[in-house]
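So the sequence shown is residues 93 to 187, counted in the working numbering. Idealized CB from N, CA, C, for every residue including glycine.
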Amino acid sequence: MHTLILLLTLIAVNIIGCFIGWLATESKYRIVEYIPMLNFKPFNCKPCFTFHTIWIIQVDIAIIIGSWAYGIVGIIIAFITFFCLWFINKNEVQP
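As structure tokens, this is what we get:
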């Protein structure tokens with residue numbers, strides 16, 4: 093049961109991180125629209141911002157629950173998410 097809860101937490105943090113990454117870089121609530129001095133990576137790059145959001149949240153949860161393994165797996169999941177988003181954005185046709 094404990095493993096299932098940790099797995100669901102990993103998945104939930106990944107989904108929330110992807111949503112926050114989209115919200116902060118591609119929606120009408122873009123960070124750089126409100127704070128122009130943040131117009132650099134990772135704040136204007138969806139894969140970068142999502143990666144940093146996910147790994148920070150995963151490490152915070154790992155510290156709270158006291159699990160090094162959770163933190164390492166969380167960082168690996170953040171890297172996998174980054175490379176998936178980077179690959180999708182790289183192959184996207186820009187108008």
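- Inter-segment contact for the region 120-129 and the region 161-169 is absent: fewer than three beta-carbon pairs are separated by less than 8 Å.
- Take Trp147, set aside five residues on each side of it, and the residues of its chain with a beta-carbon closer than 6 Å to its own are Ile167 and Ala170, in chain order.
- Under the three-state reduction of DSSP output, Glu125 falls in the helix class.
- Considered as a whole, the region 128-166 harbours no complete run of any beta strand (DSSP E) with no fewer than 3 residues.
- With respect to Pro134, Leu177 sits apart: the two C-beta atoms are not nearer than 8 Å.
- Per DSSP, Asn106 is one residue of the alpha helix (DSSP H) stretching across His94 to Thr117.
- By the C-beta density criterion, Thr95 is exposed, having fewer than 16 other C-beta atoms within 10 angstroms.
- Apart from sequence neighbours up to five positions away, the residues of its chain that approach Tyr121 with a beta-carbon distance below 8 Å are Leu115, ordered along the chain.
- From the listed residues Asn183, Ile180, Glu184 and Ile153, the smallest Cα separation to Leu99 is found for Ile153.
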